[in-house]
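The sequence shown begins at 26 in our numbering and counts up one residue at a time.
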Amino acid sequence: MDVDTFRTLLTPSGQALLAEVHRCAGVESDHALGARLRESHDGDLVAAAVTQNHMRGLAFDRFGTDAGRMYFTHDALRQATGARVADHRAHRMHGLGVRRVVDIGCGLGGDLLALARDGLEVRGIDTDPVLVEIARANLDALGLSGSVEVGDARDVTASDDEVVFCDPDRRTVRGRVAGLDALSPSWELIGSMLSGRAVATVFAGVSHADLPEGVEAEWISDAGDVGGVTLWGRGLTDGRTSRRATLLPGGESIVGDDDADVPTGEVGRHLLEPDEVIIRAGLTARLATSLGGWLPDPHMHWISTDDPMDTPFARTHAVLGELPFRTPKLRIALHDRGIGTLTVKCRGLPIVPDALIAKLRLDGPNSATVVLTRVAGEGRAFLVEEPARR
């Protein structure tokens, strides 16, 4: 889709076409609908309307009911921040006293929308003229104020009262990138921004050693999905917190500079499975300390306690007993209990749960959950009772 086609889609006749596509999609086949509409409309415009209607459906999980009024490209939607994460960042910026933001590489405007909705003055910059038009249209469609311009991140100068926000492109023609050297804008430029009043994002698996000193890294879990890390620049933080794990939609956070000193010991009456966001942020030991628990092994992401714990950051499993760790004896023990349906939870061990379950060849009427972990470096297996889903 080019700029002219998208602008035509925004005209009254283009909007009427988009409404007709939405009304007839699923009633007529895609082929029949496209063929009929091309008899009275430009082919590129019909393709754009059909594509937008399809992507609005795909975007519902990220943008809720707003998706039905917004515009997208496939690539921009794949990288766009979900509304809950964007809203969380906007609320945090507002709470830090930020009032104006320049969004470099704004894409379709997901973060612009959240920032503007929170009352901040926003301007967006992107190198892609089509995305600039889309971001403007999305602001207008939701009745929000802001400007969007074509520009290069290297040429942007923020005013003294502006905070720079940058969600760099993490995709190439080969798909999502896994290294900092492939980001656009460059990691070097992002790092220089973070020395002042700036906020940026990188992928969730970034090495802690690669994070700039004095920058707070916030791993955010949106209903269990850890999509990336938000980096809060040195001009916005107090310098006391280097890592934060946040759960959405509740907004609970746990913070720490480094993993805390925590006792190790035998598995007690409960095993806690930390949320992925805690593991990514390297805060398993910090969580254990806050709960009065201990680690069965300092290299395994399991916490043990004697008392049941109610925390949003972990699932508490009651330990029913220990089982043999080796496969042949484990099979006998499970067979004796009449187990046919098995859930295996395993972290940090060279064991593929599905492959192990296949080897066990269980066929009993009962179900069970087994935790495989190390305790003081030794492989151990525990029969546990999973908590009810929240």
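Glycine included, C-beta positions come from ideal geometry on N, C-alpha and C.
Just so it is clear, the structure is predicted and the values come from calculations on it, not from any experiment.
Residue i versus residue j - alpha carbon distance
{"i": "Pro288", "j": "Pro349", "result": "25 Å"}
{"i": "Glu347", "j": "Arg405", "result": "8 Å"}
{"i": "Val224", "j": "Gly122", "result": "14 Å"}
{"i": "Arg362", "j": "Arg356", "result": "10 Å"}
{"i": "Thr106", "j": "Pro390", "result": "44 Å"}
{"i": "Val126", "j": "Thr76", "result": "31 Å"}
{"i": "Val231", "j": "Ala343", "result": "33 Å"}
{"i": "Pro412", "j": "Leu102", "result": "35 Å"}
{"i": "Ala229", "j": "Asp300", "result": "14 Å"}
{"i": "Arg61", "j": "Met95", "result": "25 Å"}
{"i": "Arg81", "j": "Thr90", "result": "9 Å"}
{"i": "Glu277", "j": "Arg124", "result": "24 Å"}
{"i": "Leu359", "j": "Lys384", "result": "12 Å"}
{"i": "Pro274", "j": "Asp100", "result": "26 Å"}
{"i": "Gly281", "j": "Val302", "result": "13 Å"}
{"i": "Asp27", "j": "His119", "result": "35 Å"}
{"i": "Asp25", "j": "Val409", "result": "With the chain covering 26 to 415 only, the question about residue 25 has no answer from this structure."}
{"i": "Ala313", "j": "Glu291", "result": "14 Å"}
{"i": "Ala57", "j": "Leu83", "result": "22 Å"}
{"i": "Val198", "j": "Ser209", "result": "Low per-residue confidence applies at Val198: pLDDT is 47, beneath 50, and the placement is therefore not dependable enough to give any value."}
{"i": "Gly258", "j": "Val188", "result": "10 Å"}
{"i": "Glu158", "j": "Phe97", "result": "10 Å"}
{"i": "Arg268", "j": "Arg386", "result": "43 Å"}
Span of the alpha helix (DSSP H), counted from its first residue to its last, around residue i
{"i": "Ile328", "result": "Ile328 -> not in any alpha helix (DSSP H); beta strand (DSSP E) instead, spanning 328-330."}
{"i": "His56", "result": "55-63"}
{"i": "His217", "result": "Before going further, note that residue 217 is Ser rather than His in the sequence given. Its alpha helix (DSSP H) spans residues 212-218."}
{"i": "Ser246", "result": "Counting along the chain, Ser246 falls outside any alpha helix (DSSP H), though it belongs to the beta strand (DSSP E) covering 241-247."}
{"i": "Phe88", "result": "85-88"}
{"i": "Leu312", "result": "309-316"}
{"i": "Leu43", "result": "37-49"}
Spatially closest choice to residue i from the options, by CA coordinates
{"i": "Val175", "options": "Glu146, Gly130, Ala60", "result": "Gly130"}
{"i": "Cys170", "options": "Arg87, Arg405, Ser38, Gly134", "result": "Sequence check: residue 170 is Ser here, not Cys. Selected option, being the one with the closest Cα: Gly134."}
{"i": "Gly317", "options": "Ile328, Glu241, Gly221", "result": "Ile328"}
{"i": "His295", "options": "Thr33, Arg48, Thr341, Leu272", "result": "Thr341"}
{"i": "Asn78", "options": "Ile376, Ala393, Cys49, Ala111", "result": "Cys49"}
{"i": "Gly252", "options": "Asp192, Glu238, Gly290, Met218", "result": "Asp192"}
{"i": "Asn163", "options": "Asp185, Ala92, Ser217, His233", "result": "Ala92"}
{"i": "Asp235", "options": "Ser209, Asp247, Phe31, Leu205", "result": "Leu205"}
{"i": "Ser211", "options": "Glu64, Thr182, Val369, Ala178", "result": "Ala178"}
{"i": "Arg222", "options": "Pro323, Asp286, Pro333, Thr182", "result": "Thr182"}
{"i": "Leu324", "options": "Leu374, Thr366, Pro353", "result": "The sequence shown places His at residue 324, rather than the Leu named in the question. The shortest Cα separation from His324 among Leu374, Thr366, Pro353 belongs to Leu374."}
{"i": "Arg32", "options": "Gly239, Val189, Arg161, Pro353", "result": "Arg161"}
{"i": "Pro337", "options": "Ile279, Phe407, Thr366", "result": "Ile279"}
{"i": "Leu381", "options": "Arg351, Val400, Glu403", "result": "Arg351"}
{"i": "Thr398", "options": "Ser315, Lys354, Leu297", "result": "Leu297"}
{"i": "Leu156", "options": "Asp29, Thr366, Gly239", "result": "Asp29"}
{"i": "Ile304", "options": "Glu243, Leu256, Pro353", "result": "Glu243"}
{"i": "Arg87", "options": "Glu213, Lys370, Asp250", "result": "Asp250"}
{"i": "Thr416", "options": "Leu256, Gly293, Asp286, Asp247", "result": "Outside the modelled stretch of the chain, which goes from 26 to 415, sits residue 416, for which no answer is possible."}
{"i": "Asp186", "options": "Gly51, Glu213, Leu145, Leu345", "result": "Leu145"}
Secondary structure of residue i, DSSP reduced to three states
{"i": "Val198", "result": "Caution is warranted here: a pLDDT of 47 is assigned to Val198, below 50, making its placement in the model unreliable, and the coordinate value is therefore given only provisionally. DSSP places Val198 in coil when its eight states are reduced to three."}
{"i": "Glu158", "result": "helix"}
{"i": "Asp100", "result": "helix"}
{"i": "Ile364", "result": "strand"}
{"i": "Ala324", "result": "Per the sequence presented here, residue 324 reads as His, with Ala not at that position. Looking at His324 - three-state DSSP - the assignment turns out to be coil, as it is neither helix nor strand."}
{"i": "Ile434", "result": "The chain is shown only over 26 to 415; residue 434 falls outside these bounds and no answer can be derived."}
{"i": "Arg94", "result": "helix"}
{"i": "Cys131", "result": "coil"}
{"i": "His342", "result": "strand"}
{"i": "Ala19", "result": "Nothing in the structure corresponds to residue 19, since the chain is present only between 26 and 415."}
{"i": "Thr266", "result": "coil"}
{"i": "Thr336", "result": "coil"}
{"i": "Asp143", "result": "coil"}
{"i": "Gly68", "result": "helix"}
{"i": "Leu273", "result": "strand"}
{"i": "Ala115", "result": "helix"}
{"i": "Ala401", "result": "coil"}
Limits of the unbroken beta strand (DSSP E) element including residue i
{"i": "Pro299", "result": "295-299"}
{"i": "Ile279", "result": "277-281"}
{"i": "Val28", "result": "Val28 -> not in any beta strand (DSSP E); alpha helix (DSSP H) instead, spanning 28-34."}
{"i": "Arg148", "result": "146-151"}
{"i": "Ser172", "result": "172-175"}
{"i": "Ala207", "result": "No beta strand (DSSP E) holds Ala207; DSSP gives it neither H nor E."}
{"i": "Asp388", "result": "Here Asp388 belongs to no beta strand (DSSP E), and DSSP marks it neither H nor E."}
{"i": "Val224", "result": "223-227"}
{"i": "Val254", "result": "250-257"}
{"i": "Glu187", "result": "187-191"}
Proximity test, Cβ basis, 7 Å: residue i and chain D
{"i": "Asn78", "result": "In summary, chain D is missing from the structure at hand, where a single protein chain is found."}
Residue i beta carbon near the ligand GDP (any heavy atom closer than 6 Å)
{"i": "Ala105", "result": "With respect to the ligand GDP, the structure shown offers nothing to examine, as it has no ligands at all."}
The segment 66-77 / the segment 34-45 touching (three or more Cβ pairs under 8 Å): yes
Does the segment 308-317 come close enough to the segment 257-265 to have 3 or more Cβ pairs within less than 8 Å? No, they do not touch.
Inter-stretch contact (C-beta, 8 Å, three-pair minimum) for the segment 148-157 and the segment 107-116: By the Cβ test, the segment 148-157 is not in contact with the segment 107-116, since fewer than three Cβ pairs between them sit closer than 8 Å.
Report yes or no: do three or more beta-carbon pairs, one from the segment 157-173 and one from the segment 134-144, lie closer than 8 Å? yes
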